[in-house]
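Below is one structure, written out as structure tokens; the observations come after it.
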């Protein structure tokens, strides 16, 4: 099975306090820790496990700039055989549809049976996988938390409300968006990354992809982000302050009053 | 003429989902003055009651009955909507696991704009909609401009557009089952497997000590266990703890886990994402302990402590034990 996994380099929102620049044009990015989007990392692990079971190879692709190479290399260190960088100034500022169009061109330049994306990334839109599938006219399923390979098709689980699992059969080729928790992504150490440090990662721009840039970038976007902002804080929590002794004493009183201590 | 507005209705066991009326409320912000049409798809007479129920709120309800629509398979529903909706229309969806499955691909096939998980609408200027969404797990919000001229698919965050009580419309139900058209798909629904029941039922507990990513490592779980024991509470958790396999799925609070209704909820190292808070009902007294003073949990908690869980919680446990 030839598998393409689409990954994105994002600020790690678990490790960072995200703050907005004055004026709201962007978030403060200077001191942020970046990493591979958490959902994408599960997708790469799943692709590697599938190939371990049934053969084939995994290609990890990203749209970005030189800085994005580190995440592709990290995912290659997990066991993906190939990397692919999609880089062009015309790609910057594309909306979800533009990103999906770039990925579609990349998929059509290869011979893939399966394309995986993370279920969502830093913007939480959860849209690129479904858009890509529709552009390719391949079937799609989102929030996938189980994949079993069968002949010409996959048996998949989708995570739905309440922690229930919706089981489907889906024909290959297809696009799946992967939910966290589907597997336990392997750890990648410095040594692993060193091993793949000298591997060549091909770079393709719009011309190499045979891509018309008309629908890309801010000019082609039908949905545009105007600004970032932090909503005015509501009353919020009563913040307990003082020494640890004072805070715990106050908290115990409150818990007693609310029936939190039995 | 303004584009027609449609709302796709989820339903189960012959009743419309709560999101049905929220979409109606959202439509009044997204397309003021439009007469939204509810779209109900399903098998057989089971959906007649749903259509009747909706006609009390929506001016018009389109009913599509077909055996192929018995389960809401997004790949089949997409075909249905492409077969029956007019070009350039606006379609509203709930941002549920079904909406996420359907929306993006449908927007491409309709050649329409797509905005997902809309939390608020700030206005409409001609064909441009100004909407609000959240990014970075709820840490910041954004304003978006969406060009709706070529049609739009908009998914709406649940709970953000409260339904109005004016269920007085005497809408008409139009049976359009004859128009469903070809509905084949390359994805087949097999079954729904119910979530496993764990060793404890967190949905029945009055006091929950809930741990999140801030607990840092599985080895630190005894910190929460000890506190729960001292309080007479039970340990629950947020999604990252389950993803990391530190606790069973049956302990997870949230839209993709359990819906709980405790009296007191201690959130330890939980950021307070929308998805997590969606599983917390019944207006509990919420205590949040988090080292990030900007964590969204402090917006919804009653009482907050900015501290490292691993330092603060053992102190609290000792004091509770001593106070007994």
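Protein chains in written order, with this note's numbering: chain W, 11 to 272; chain E, 21 to 344. Glycine included, C-beta positions come from ideal geometry on N, C-alpha and C.
Quick one: is residue 177 of chain W near chain E, going by C-beta distance under 8 Å?
yes
6 Å Cβ shell around residue 286 of chain E - same chain, five flanking residues per side excluded: 229, 307
Please report whether the beta-carbon of residue 173 of chain W lies at a distance below 8 Å from any beta-carbon of chain E. Interface residue, yes.
Practice task
Determine whether the Cβ of residue 194 of chain W lies closer than 8 Å to any Cβ atom of chain E.
Solution key: At least one chain E Cβ lies under 8 Å of residue 194 of chain W.
Please determine, among E:153, E:130, E:167, E:169, the residue with the shortest C-alpha to C-alpha distance to residue 144 of chain W.
-> Closest by alpha carbon: E:130.
- Query: Helix, strand or coil: which one does DSSP assign to residue 159 of chain E?
  - Reply: coil
Margin query: For the beta strand (DSSP E) containing residue 236 of chain E, name the first residue and the last one.
Written below: Counting along the chain, residue 236 of chain E falls outside any beta strand (DSSP E), and DSSP gives it neither H nor E.
In terms of residue numbering, what span does the beta strand (DSSP E) encompassing residue 144 of chain E cover?
Where residue 144 of chain E is concerned, the enclosing beta strand (DSSP E) stretches over 140-145.
Practice task
Report yes or no: is there a C-beta of chain W within less than 8 Å of the C-beta of residue 134 of chain E?
Solution key: At least one chain W Cβ lies under 8 Å of residue 134 of chain E.
> So which residues on chain W does residue 47 of chain E lean against when the C-beta distance must stay under 7 Å?
Replying inline: Per Cβ cutoff of 7 Å: no residues; residue 47 of chain E is ~19 Å from chain W at best.
Exercise. When you check each C-beta in the region 95-125 of chain E against every C-beta of chain W, which residues fall closer than 9 Å?
Worked result: 95, 98, 115, 116, 117, 118, 120, 121, 122, 123, 124, 125
Exercise for review: Residues of the region 146-157 of chain W with a CB closer than 7 Å to any CB of chain E: list them in chain order, please.
Suggested key: 149, 150, 151, 152, 153
*Residues of chain W with a CB under 9 Å from the CB of residue 297 of chain E: which are they?*
Simply none; closest approach about 13 Å.
- Have a look at the DSSP bridge pairing and note the partners of residue 126 of chain E. DSSP lists no beta-bridge partner residue for residue 126 of chain E.
inquiry  = According to DSSP, is residue 24 of chain E part of a helix, a strand, or is it coil?
reply    = coil
For residue 120 of chain W, count neighbouring C-beta atoms within 10 Å of its own C-beta (all shown protein chains included) and say buried if the count is 16 or more, exposed if not.
Classification for residue 120 of chain W: exposed.
message: Taking the alpha-carbon of residue 112 of chain E as reference, which of E:152, E:270, E:172, E:325 has the nearest alpha-carbon?
response: The residue from E:152, E:270, E:172, E:325 with its alpha-carbon nearest to that of residue 112 of chain E is E:172.
### Reduced DSSP secondary structure (H/G/I, E/B, other) of residue 95 of chain W
Here DSSP, grouped into helix, strand and coil, assigns residue 95 of chain W to strand.
Beta-bridge partners of residue 186 of chain W, as assigned by DSSP
W:126, W:151
* Separation of residue 89 of chain W from residue 52 of chain W, as counted between CA atoms -> Taking the straight line from one Cα to the other gives about 13 Å.
Quiz item: For the beta strand (DSSP E) that residue 14 of chain W lies in, which residues bound it at each end?
Solution: Unbroken beta strand (DSSP E) run through residue 14 of chain W: 12-17.
With residue 284 of chain E and residue 227 of chain E assumed to form a contact (beta carbons below 8 Å), what rounded beta-carbon distance in angstroms separates them?
5 Å
Review point. Are the C-beta atoms of residue 118 of chain W and some chain E residue less than 8 Å apart?
Key: Answer no: the Cβ-Cβ gap between residue 118 of chain W and chain E never drops below 8 Å.
Discussion item. Taking the alpha carbon of residue 248 of chain E as the reference point, which residue from E:180, E:168, E:333, E:300 has its own alpha carbon closest?
Written reply: Closest by alpha carbon: E:333.
Exercise. Helix, strand or coil for residue 52 of chain E, going by three-state DSSP, please let me know.
Key: coil
DSSP three-state label for residue 213 of chain E, please.
It is a strand residue.
message = List, from N- to C-terminal side, the alpha helix (DSSP H) runs of 4 residues or more that fit wholly inside the region 201-234 of chain W.
response = DSSP runs (the alpha helix (DSSP H)) wholly in the region 201-234 of chain W: 216-219, 227-230.
Does the CB of residue 278 of chain E have a neighbour CB from chain W at under 8 Å?
yes
For this session: Please report the residue range of the beta strand (DSSP E) in which residue 256 of chain W lies.
Result: Looking at the DSSP string, residue 256 of chain W is not in any beta strand (DSSP E); the run it does join, the alpha helix (DSSP H), is 254-267.
Query - Minimum length 4: unbroken alpha helix (DSSP H) runs contained in the region 305-333 of chain E - result: Counting only runs of 4 or more, we get 317-320.
Q | From E:40, E:298, E:85, residue whose alpha carbon lies closest to that of residue 76 of chain E | A | E:40
Please decide whether residue 224 of chain W counts as near chain E, where near means a Cβ-Cβ distance under 8 Å.
no
For this session: Check each residue of the region 24-36 of chain W: if its Cβ is closer than 7 Å to any Cβ of chain E, include it; give the result in chain order.
Result: Across the region 24-36 of chain W, CB contacts with chain E closer than 7 Å involve 24, 27, 28, 30, in sequence order along the chain.
Self-check item: Any 3 or more C-beta pairs closer than 8 Å across the region 116-125 of chain E and the region 140-150 of chain E
Solution: no
- Query: Any idea if residue 137 of chain E is buried or exposed, counting beta-carbon neighbours within 10 angstroms, 16 or more meaning buried?
  - Reply: buried
Where the region 159-172 of chain E meets chain W: residues whose CB sits under 9 Å from a CB there
159, 160, 161, 162, 163, 164, 165, 166, 167, 168, 169, 170, 172
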